[in-house]
Each structure stands twice: as structure tokens, then as C-alpha cells.
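Mapped onto full-length UniProt numbering, the consecutive letters of the sequence shown carry residue numbers 1 to 312.
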Amino acid sequence: MARGILGKNSPLHIRHERSRALKEADLVILAGTSCDFRLSYGRVLPRKAIIIAVNRDKIQLYMNSDIFWKPSVAIQGDVGSFIQELSINLTGYKCNDDWLEKLKETERLKEEAIFKMSEQPSLDYHNPLKVLYELEKILPDNAILVADGGDFVGTAANILRPRGPLQWLDPGPFGTLGVGGGFALGAKLCRPDAQVWIVYGDGSCAFSIAEMDTFVRHKLPVLALVGNDAAWTQIAREQVPIFGTSVACNLAYTNYHDVAIGYGAKGVLISSNTEDISKALTQATHIYAQGNSVLINVLIGKSKFREGSIAV
Numbered sequence: 001m002a003r004g005i006l007g008k009n010s011p012l013h014i015r016h017e018r019s020r021a022l023k024e025a026d027l028v029i030l031a032g033t034s035c036d037f038r039l040s041y042g043r044v045l046p047r048k049a050i051i052i053a054v055n056r057d058k059i060q061l062y063m064n065s066d067i068f069w070k071p072s073v074a075i076q077g078d079v080g081s082f083i084q085e086l087s088i089n090l091t092g093y094k095c096n097d098d099w100l101e102k103l104k105e106t107e108r109l110k111e112e113a114i115f116k117m118s119e120q121p122s123l124d125y126h127n128p129l130k131v132l133y134e135l136e137k138i139l140p141d142n143a144i145l146v147a148d149g150g151d152f153v154g155t156a157a158n159i160l161r162p163r164g165p166l167q168w169l170d171p172g173p174f175g176t177l178g179v180g181g182g183f184a185l186g187a188k189l190c191r192p193d194a195q196v197w198i199v200y201g202d203g204s205c206a207f208s209i210a211e212m213d214t215f216v217r218h219k220l221p222v223l224a225l226v227g228n229d230a231a232w233t234q235i236a237r238e239q240v241p242i243f244g245t246s247v248a249c250n251l252a253y254t255n256y257h258d259v260a261i262g263y264g265a266k267g268v269l270i271s272s273n274t275e276d277i278s279k280a281l282t283q284a285t286h287i288y289a290q291g292n293s294v295l296i297n298v299l300i301g302k303s304k305f306r307e308g309s310i311a312v
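As C-alpha cells, then:
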């Protein structure tokens with residue numbers, strides 16, 4: 001839920017070089033963050049750094065401490081109040097410019113490398129990175145992104161930029177599939193003027209596509225983008241290299257757009273890489289603006305972008 005808290009283009013936000021930033025840091029503040037699998041249970045924290053942990057929950061505060069990490073200072077309390085008090089007491093303090101500029105430069109180079117991968121042609125279907133860059137271009141400032149998937153959503157997390165706090169919703173440390181429809185429903189009810197997007201993998205889409213019926217009946221328009229590569233790709237990335245088989249990882253290029261139409265929503269199929277993805281996404285937003293829920297089923301090719309990633 002902290003994604004977007006610094007806005008779209010904060011100079012302090014290092015997305016792709018987090019590991020390097022942590023490795024070189026002499027002070028780390030865990031502001032409500034627990035040392036679970038996302039921080040490798042604390043192993044990514046430098047041994048010599050001062051570590052200040054702040055959390056309302058005592059169990060979360062000390063999670064996996066004295067195993068792979070140890071807090072220098074542990075504060076059981078409200079993170080927001082702590083940050084506010086800290087900013088008041090640090091008036092006039094400035095971070096090391098050289099270090100920050102070095103991180104920014106490596107971040108820029110990483111961004112360039114990812115964008116170059118998005119320009120690579122994909123056989124028959126669309127490059128998934130390209131699809132997400134085109135979505136990023138059209139997202140308004142009030143967009144709320146609901147992430148529900150594995151490989152496609154993992155790619156989206158590196159490309160899409162939440163516009164503000166609470167404008168990126170995902171299952172967090174639970175890592176579960178199926179939150180898309182329910183999260184989008186809640187988001188639209190809380191912020192009816194927001195443009196709510198569900199970013200689906202094709203495997204996860206089937207878990208909550210029936211909520212299209214709910215959106216239609218209650219006149220709560222949302223947009224859904226399905227990155228359809230006919231596979232449980234997040235699982236396949238780990239399984240195939242280890243076992244040499246994709247058994248149980250293969251799906252079909254299912255017509256999810258037809259399912260949405262069956263529930264009374266609008267459905268769009270983008271089946272060929274010769275189709276203009278930017279134009280199709282823009283047209284979908286126009287249909288949405290007329291009060292319709294829209295599901296865009298984009299057939300995507302394979303990408304090496306997340307090669308080596310594993311499912312936890």
C-alpha cells in the first residue's frame with residue numbers, strides 16, 4: 001500500500017536500484033516495513049548500518065530479528081507520527097548529494113534498459129513491456145491501479161507509476177491471486193470519480209472476472225487489462241529450468257473479453273502485434289467514460305524481462 005506515497009516522479013524514489021541503495025546505506029529506517037520475504041527476512045540489510053524500525057505491531061516490529069538482522073532502535077508506535085516528528089527535528093539536514101546522484105544515474109540507466117526491452121518485437125503478439133508502457137502514458141492522475149497476477153503484474157510493478165498514496169492496491173505479503181475484482185469494487189465505491197484499472201494476468205483473471213456482473217448491475221464502471229500469454233508464467237519461470245517441463249503451467253488464449261460481454265460489460269480483443277495498442281487503450285477509456293466497464297484482452301508474447309524470478 002506504500003507504493004505511490006512519494007508520487008509519480010519523486011527524486012527520492014529509487015525503484016530499480018533498491019538493493020544497491022540498501023547495501024550502501026549507513027542508516028536504514030524501516031517505516032512500517034517488516035523483514036519478511038520481501039526484504040529476504042532481513043538479510044539485505046547491511047550489518048554495519050544503523051537500523052531504526054518503527055511499527056505499531058510488536059510482532060511485525062521484531063519479525064526475524066536476531067536471526068538475519070537486529071534493530072539498533074525499535075519503536076512501537078505510529079509510523080506517520082514518527083516521520084512527522086523526525087522531519088521537524090531534522091530541519092536543515094541534507095542527504096549526501098553525491099550518493100543520491102549516483103543512485104539516480106544507475107536508476108536512469110536501468111530505466112533505459114527496460115525501455116529498450118519494450119521496443120523488441122514479439123512474434124505474433126504484443127511485447128508485454130510495450131503494452132504496459134502504453135498504459136502508463138494514458139493513466140490520469142486519479143487512476144487507481146489494482147494489481148492481480150504473477151509475471152505480467154511483476155512486470156507492471158517495474159513500469160507503471162502510481163500517481164499517489166493508496167493508488168496501487170495488491171495483496172502485499174500474502175501474494176495471493178484473485179483480489180482484482182473485489183479490490184476494484186472497493187476502490188470504486190470509496191473513490192467513485194477515480195479511474196480504476198485492474199491489471200490482470202490471464203491466470204488470475206479467471207478468479208474474479210465474475211465481478212464484471214457486479215460492476216454492471218451496480219453501475220460502477222472499471223477498466224481491466226488482461227496480459228494474456230496463455231500460461232502460468234510466474235510458475236513456469238521457476239519450474240521449467242528446474243524440471244524441464246511446463247506441465248500444469250500451460251493455459252489457452254482464452255476469450256476473456258467475451259466473458260465480460262456476457263456479463264453486460266464491454267470487451268476488447270487485441271490479438272495481433274500489428275494492432276495499435278495505444279489507440280485501442282484510448283478507445284477503451286472513451287467507452288469507459290460513457291459509464292461502461294471494459295475488459296481489454298491483450299494477447300502478449302514471452303519476455304525475458306523477469307527471467308530467473310521465482311514464486312514465493
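Just so it is clear, CB atoms sit at the ideal spot from N, CA and C, and this is done for glycine as well. Predicted model, so just to flag it, every value in this text is computed and none were measured.
Query	Result
With 16 other Cβ atoms within 10 Å as the buried cut-off, status of V54	buried
Burial state of N228 (16 or more Cβ within 10 Å)	buried
Neighbour-count burial assignment, I209, 16 or more Cβ in a 10 Å radius	buried
Residue from T176, E111, T274, F243 with nearest C-alpha to D124	T274
Length of the line joining the Cα atoms of R38 and F215	33 Å
I51 - partner residues in DSSP beta bridges	V28
Cβ-based burial, G175 [other Cβ within 10 Å; buried from 16]	exposed
Alpha carbon of I51 to alpha carbon of K70, nearest angstrom	8 Å
Of the residues V28, K94, N250, the one placed nearest A49, counting alpha carbons only	V28
G4 beta carbon less than 8 Å from that of P162	yes
Collapsed DSSP secondary structure at L129 in the structure displayed	helix
Residue closest to D141, alpha-carbon to alpha-carbon, out of V199, A248, P165, K94	P165
A31 and I83 closer than 8 Å at C-beta	yes
Beta-carbon proximity of T233 to D151, cut-off 8 Å	yes
Nearest candidate by alpha-carbon position, reference K8, set C35, V179, A143	A143
Cβ contact (3+ pairs, closer than 8 Å) linking the segment 98-118 and the segment 257-277	no
Span of the alpha helix (DSSP H) around V153	151-159
Contacts around K130, its chain only, beta-carbon distance under 6 Å, and the 5 residues preceding and following it disregarded	S118
Cβ shell of C35 (< 8 Å), same chain only, five flanking positions each side left out	Y41, G42, L45, M63, N64, S65, F68, W69
Helix, strand or coil at K70 [DSSP, three-state]	coil
Alpha carbon of L307 to alpha carbon of V199, nearest angstrom	First, the residue type needs correcting, since residue 307 is Glu and not Leu in the sequence shown. So the alpha carbons of these two residues sit roughly 20 Å apart.
Secondary structure of W99, DSSP reduced to three states	helix
Contacting residues, own chain, Cβ-Cβ under 7 Å from E136 (five flanking each side not counted)	I159, L160, R161
Residues near T245 by beta carbon distance below 7 Å, same chain, minus five either side	none
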